[in-house]
Structure formats: structure tokens, C-alpha cells
Amino acid sequence: MWPDLIQKAKDGGLDAIETYIFWDRHEPQRRKYDFSGNLDFIKFFQLIQDAGLYVVMRIGPYVCAEWNYGGFPVWLHNMPGIQLRTDNQVYKNEMQTFTTKIVNMCKAANLFASQGGPIIIAQIENEYGNGVGFAFLSNTDASNDATIDLQTDGKYFVPAWSVTILDGCNKEVYNTAKVNTQTSVFVKEQNEKANAQLSWVWAPEPMRDTLQGIGKFKANLLLEQKATTVDFSDYLWYMTNVETDPTSSLYNISLHVNTKGHVLHAFVNKRYVGSQWATNGQSFVLEKPISLKSGTNTITLLSATVGLKNYDAFYDTVPTGIDGGPVYLIGSGNATTDLSSNLWSYKVGLNGEMKQLYNPAFSSRGKWRTFDEASIGRRMTWYKTSFKTPSGVDPVVLDLQGMGKGQAWVNGQSIGRFWPSFIAGNDSCSETCDYRGAYNPSKCVENCGNPSQRWYHIPRSFLSGDTNTLILFEEIGGNPEQVSVQTVTIQTICGHANEGSTLELSCQGGHIISEIQFASYGNPGGKCGSFTQGVWNVSNSILLVERACIGMESCSIDVSAKSFGIGDATNLSARLAVQALCSNN
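Residues 1 to 585 (UniProt numbering) are what the sequence shown spells out, left to right.
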């Protein structure tokens with residue numbers, strides 16, 4: 001995967017690649033390191049150097065990066081006296097040990113620029129600001145362009161709602177509204193070769209032990225989840241027993257569980273009684289009616305996370321899981337039994353995880369059964385199928401429409417958690433999109449009423465030469481018959497660039513530019529898919545762009561009055577907008 005991505009970065013005009021060093025992946029257990037396979041960052045840097053590019057190395061060890069726990073290994077959380085990202089000796093000692101190891105590994109491989117290597121800068125921590133010798137010109141008018149006169153340092157055109165950066169206060173080096181961009185409209189296509197063999201089998205998640213209340217250790221309190229799992233799994237089982245007798249007032253009972261986890265599933269006496277999940281990451285209370293029998297009753301709670309908090313002040317102290325509860329049984333007349341201090345049994349993870357049912361090499365450990373209609377909508381179920389590798393070089397995606405919540409693996413490689421049944425609200429989207437003006441989180445929101453994610457990329461490096469194994473773990477119930485393997489192609493490309501710059505367009509995967517659907521040099525408006533000509537426009541814009549681009553995989557156009565045959569530039573705000581169609585060569 002790496003050589004292809006590095007070459008694409010170079011072809012796109014980059015001269016340096018920035019990358020994080022993820023502490024949690026390289027030291028998942030204290031002093032037990034992993035630099036194998038995709039974690040071999042030394043090899044990654046050497047490949048970048050071989051391509052003639054530079055490296056910006058962000059060691060962290062806190063990286064944020066929208067990454068689980070900000071890149072910290074969760075075992076740090078359990079070290080006595082530690083406070084993360086503070087002047088705390090326990091933290092600083094661990095940080096120094098890891099950082100020193102990474103730096104020494106880079107030195108040993110001669111990777112720093114002073115050694116002739118590609119690393120031109122290494123960053124400690126995350127996004128600390130510095131003073132710089134630049135001037136920033138801001139136009140806060142959301143509608144009107146402005147010309148700012150700095151007198152001895154000249155005049156500068158600043159488009160509406162943009163910022164210009166001046167190097168040394170007299171040379172424009174960047175403006176946020178003058179960025180040359182290409183928008184690519186992707187089309188997903190069913191892959192007949194891959195989907196022809198989507199014949200499913202299924203296996204239940206083994207839960208006999210946990211539904212009977214059998215765990216690995218016990219405590220007389222409700223434990224915090226990340227301190228207990230140490231991030232070995234998203235799942236933690238909480239189990240306890242309740243004794244009742246015929247004279248008990250606990251009938252017409254409801255189970256109340258206060259939890260700080262993302263998702264909670266409840267079982268009583270081996271029977272499923274309900275699930276609930278948080279909204280906006282907040283704590284919640286699961287309340288479900290239950291039935292108890294005379295004698296011993298087993299309550300089993302499965303708490304699940306979808307990743308740990310990665311930023312904010314003292315984010316590492318934010319609890320997860322049921323953590324203290326309380327957990328109540330409330331019966332007739334509000335008779336209440338507090339189970340929070342009961343003797344609770346615990347188990348980290350799923351039995352299917354421990355058996356590695358997601359790995360084709362070990363999937364025979366599962367009790368796989370023939371798929372039928374009764375297999376659809378099952379909770380806590382593993383599904384398995386095989387598919388052929390799609391031909392060509394177009395990106396491959398897995399469409400998980402129809403599934404509920406869980407995780408997916410291709411040939412034993414995780415392609416991520418999925419939750420397509422979690423639907424975005426319908427109250428924030430608008431038909432128009434304009435980011436100008438004061439920030440509002442509802443601006444330009446799209447896809448209301450749809451899943452946050454439905455398609456999952458399968459890197460071609462994960463695929464075999466012929467047949468591949470797809471395994472899904474479904475937590476809440478779904479229909480794998482709706483799952484499909486698709487390829488992604490670029491159908492439409494759009495670009496816009498300002499006077500004095502170059503507009504570049506590129507199709508991918510051997511496709512060529514077959515049609516120019518819109519081109520206007522002047523002051524065009526709109527966006528990709530709905531461009532419009534402005535007040536003024538060079539009439540032969542399309543013809544000139546066609547000459548430069550038709551039949552080409554990529555093309556470059558000088559955006560200047562001279563290139564479009566109107567003499568010297570008299571309007572510094574002139575720009576070029578183009579929309580083109582990509583087709584098979």
C-alpha cells in the first residue's frame with residue numbers, strides 16, 4: 001500500500017509527507033513494543049526517502065489525530081499518580097522513555113536530515129503555537145471583496161470572508177479564497193465478479209459463560225471500563241446474582257442502569273431484555289421491565305464503547321462504562337434494591353474475539369451454520385462469506401447497508417467499526433451551502449436522515465490475488481444479504497483557480513477527460529454540478545479548455561488574461577471554473 005500512496009502524494013505535487021507515531025500501537029503493553037508490518041515506520045520513512053520526498057515526523061506522544069485516546073496507550077491511565085499532559089513526573093518519565101526510543105531508532109537508521117535522511121522536522125506534543133514573521137490580512141465582510149492599501153507595502157486584493165498571509169509584510173504567499181482545488185465526484189458501481197460469490201454462513205457469539213454469570217474476576221463495586229479492559233476490547237461484561245423469594249416485593253420489576261458507556265445490552269436469566277445507547281456522547285439510563293424467578297437470578301450487562309475520548313482538558317479522567325452505576329431493581333410501590341455494591345463478576349471482551357473468529361486462519365473455531373431467513377436480524381452473531389478480487393485498479397469499498405452495528409474484517413485485517421443503523425437527524429441540513437460569515441456547526445450539513453458512514457474502504461493491499469474472506473460481527477441485528485462489494489470511479493471532476501495561477505485537472509485509474517461540461521474564465525459562480533457564468537465571461541473558454549484537456553488523463557491550464565486572448569489582466573479577481581467528464585480510455 002505504501003509505495004502507491006507515496007507516489008500519488010508525489011504526483012499530486014507534495015514534497016513532504018507528515019505522519020504520526022502512534023504510541024498506543026507501538027507500545028500496547030508497557031515495555032512490549034511492536035514495529036512489525038504496518039507499524040514499521042522506519043521502512044515507511046525509507047520508502048518516502050526513496051521517492052525523493054521529505055518527512056515531517058509528529059512523535060507526539062500525544063497526537064490527538066481523532067485517534068482513540070489521542071494516541072496514548074491506555075495502560076498509562078492505570079499508573080499510580082499519573083496525570084497526562086501535565087508537569088507530572090510519572091507521565092514525563094514514560095513520555096521520555098518512548099520518545100527517546102523513537103528518536104534513537106531514527107538515528108540508527110540515519111533518517112534525520114543532518115544524517116542525510118528525509119526527516120526535516122520532528123514535532124513533540126500536538127499543535128503548540130509559535131510566533132511567526134508574517135502579516136495576516138483579514139476581510140470579515142461575508143459578501144464584498146476588499147482591496148487593502150498598506151501604503152509603502154502595496155495594495156492587496158482580499159476576497160470576501162478570507163485571510164491573506166504576507167511574507168515579510170510585503171509578499172502575498174497565501175489566501176484562503178484563492179486555493180486551487182479539484183473536486184471529484186465519485187460513482188460507486190456494483191462489482192459483479194466480487195458479488196457473485198456472496199454466499200453467507202453464520203455463527204452465534206458464544207455467551208454461555210457470561211449469561212450464566214461466569215467471569216474472570218470479581219469485585220464488590222461497578223468498575224470503570226477503560227481501567228478494566230485497558231483497551232484490549234470495546235466490550236466489558238458486568239454480571240451479578242440476585243436472590244428472591246416468594247414473599248419478595250420485587251415483582252413488576254424494572255432494571256435501571258446508569259452508565260457512562262456508549263452502548264449497553266442487558267440480559268436477565270440468559271434472556272435478552274433490551275439495549276440502549278448514548279446520544280451526543282452523554283451518559284444515559286437504561287430502563288427495562290424484567291421478570292425474576294424465585295431463587296437465584298443472573299443479571300448480565302454488556303457495556304460497549306466505540307472508541308475512547310481523544311481530546312479536551314483532563315479527557316483521560318472522563319469515565320466510561322457503568323463505573324459506579326448505580327444499578328437498581330425497582331419493584332411495586334417503588335421498592336428499590338441497589339445492586340451497585342453487589343459482588344460483580346467481570347470478563348473483558350467477547351469469546352469470539354478471543355477465538356479470533358475474525359481471522360480466516362482460526363475461523364474454523366466457530367460453529368458456522370447455513371444461512372437462511374432466520375439468520376437475519378440476529379444479535380451477537382458472526383457472519384462469513386468470500387468474494388473475488390475486483391479486477392482493475394479502482395478503489396474497492398464494502399457497502400454495509402442493512403447491517404446494524406459491529407466490526408468488519410477482510411482476510412483478517414480490520415476495516416473498522418460499523419453502525420449504519422445509526423441515522424443522522426433530519427433537522428440540520430439545508431439546500432444551500434455557504435461557509436462565509438460567523439461559524440455555526442449546522443452550516444453545510446449534508447446527508448440528514450442517512451448513516452454517518454455506509455461505505456468502508458478495502459485497501460487493495462488487503463486483497464489476495466483471487467478469493468478473499470469477509471467476516472462481520474453483528475452486535476444488534478442486521479441483514480448481510482444487503483452487503484455488497486463495489487468499486488469507486490471518478491465520473492466528474494471540477495476545478496477552479498484564480499488569476500495568475502494554474503488550474504490542474506486529473507482523472508484516475510487510467511481514465512481520460514472525455515468531455516468539458518462547463519468552462520468559464522471571468523467571474524463564474526456556483527459549485528461543482530451547478531456552475532454558472534458570471535457577469536463577464538470569455539466566450540471561447542470551453543474551446544480553449546477542450547484543446548488543452550480532451551483525451552488527456554490530466555491537464556494544466558494557465559489562468560491568465562493572455563491565455564484566454566484578452567490581453568493584459570485588468571481584473572485581479574478573474575478566475576477559471578471547469579467541470580469535466582472522465583471516461584474509460
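In this text, a Cβ means the ideal position worked out from N, Cα and C, and glycines have one as well.
In or out: residue i buried (at least 16 other Cβ within 10 Å) or exposed?
| i | result |
| --- | --- |
| residue 225 | buried |
| residue 169 | exposed |
| residue 468 | buried |
| residue 194 | buried |
| residue 12 | exposed |
| residue 80 | exposed |
| residue 362 | exposed |
| residue 536 | exposed |
| residue 95 | buried |
| residue 191 | buried |
| residue 60 | buried |
| residue 124 | exposed |
| residue 50 | exposed |
| residue 372 | exposed |
| residue 519 | buried |
| residue 579 | buried |
| residue 92 | exposed |
Less than 7 Å between C-beta atoms, sequence neighbours within five positions excluded: which residues of the same chain meet that for residue i?
| i | result |
| --- | --- |
| residue 322 | 222, 238, 257, 259, 261, 301 and 303 |
| residue 113 | 119 and 120 |
| residue 461 | 1 |
| residue 311 | 64 and 70 |
| residue 134 | 165, 166 and 167 |
Apart from the five residues on each side of it in sequence, which residues of its chain come closer than 6 Å, Cβ to Cβ, to residue i?
| i | result |
| --- | --- |
| residue 433 | 444 |
| residue 185 | 491 and 492 |
| residue 489 | 187 and 394 |
| residue 614 | Because residue 614 is not part of the residues shown, which for the chain are 1 to 585, the question remains open. |
| residue 521 | 538, 541, 564 and 576 |
| residue 413 | 462 |
Helix, strand or coil for residue i per DSSP?
| i | result |
| --- | --- |
| residue 522 | strand |
| residue 508 | coil |
| residue 2 | helix |
| residue 537 | strand |
| residue 277 | strand |
| residue 202 | strand |
| residue 245 | coil |
| residue 549 | helix |
| residue 11 | helix |
| residue 194 | helix |
| residue 446 | coil |
| residue 574 | coil |
| residue 37 | helix |
| residue 484 | strand |
| residue 544 | helix |
| residue 409 | strand |
| residue 226 | helix |
| residue 113 | helix |
| residue 211 | helix |
| residue 436 | coil |
| residue 237 | strand |
| residue 394 | coil |
| residue 25 | helix |
| residue 232 | coil |
For residue i, collect the residues of the same chain with a Cβ closer than 8 Å to its Cβ; drop the 5 residues on either side in sequence, then sort them by chain order.
| i | result |
| --- | --- |
| residue 233 | 348, 349, 350 and 353 |
| residue 17 | 6, 9, 48, 53, 54, 55 and 56 |
| residue 145 | 139, 157, 158, 159, 160 and 573 |
| residue 103 | 59 and 122 |
| residue 163 | 136, 137, 138, 139, 175 and 176 |
| residue 510 | 393, 553, 584 and 585 |
| residue 423 | 449, 450 and 451 |
Three CB pairs or more closer than 8 Å across the segment 393-403 and the segment 416-436:
Yes: at least three Cβ pairs fall under 8 Å.
With a threshold of 8 Å, are at least 3 pairs of Cβ atoms found where one atom belongs to the segment 276-283 and the other to the segment 258-267?
They touch, by the three-pair rule.
Specify whether the segment 75-87 and the segment 35-51 touch according to this definition: at least 3 beta carbon pairs, one from each stretch, less than 8 Å apart.
No, they do not touch.
Mind listing, in chain order, the continuous beta strand (DSSP E) runs of no fewer than 3 residues lying wholly within the segment 39-109?
Runs of beta strand (DSSP E) with 3 or more residues, each lying fully within the segment 39-109, are found at 54-60, listed in chain order.
May I have a chain-ordered list of the alpha helix (DSSP H) segments no shorter than 4 residues that lie completely inside the segment 303-377?
Runs found: 351-354.
With three or more C-beta pairs closer than 8 Å as the rule, is the segment 490-502 touching the segment 177-185?
The segment 177-185 is in contact with the segment 490-502.
Does the segment 375-389 come into contact with the segment 467-484, if we say contact requires no fewer than three beta-carbon pairs (one atom in each stretch) closer than 8 Å?
Remark: three or more beta-carbon pairs, one from each stretch, lie closer than 8 Å, so the segment 375-389 and the segment 467-484 are flagged as touching.
Count Cβ pairs between the segment 365-377 and the segment 478-486 that sit closer than 8 Å; are there 3 or more?
Taking a contact to require three or more Cβ pairs closer than 8 Å, the segment 365-377 and the segment 478-486 qualify as touching.
Below 8 Å, can you find three or more Cβ-Cβ pairs linking the segment 420-431 to the segment 143-155?
The segment 420-431 vs the segment 143-155: no contact.
Beta strand (DSSP E) runs wholly inside the segment 133-187, at least 3 long, in chain order
Contiguous beta strand (DSSP E) elements confined to the segment 133-187 occur at 134-139, 146-149, 155-158, 162-167 and 171-175, taking only those with 3 or more residues.
Does the segment 319-337 touch the segment 205-214, meaning 3 or more C-beta pairs lie closer than 8 Å?
Short answer: they don't touch.
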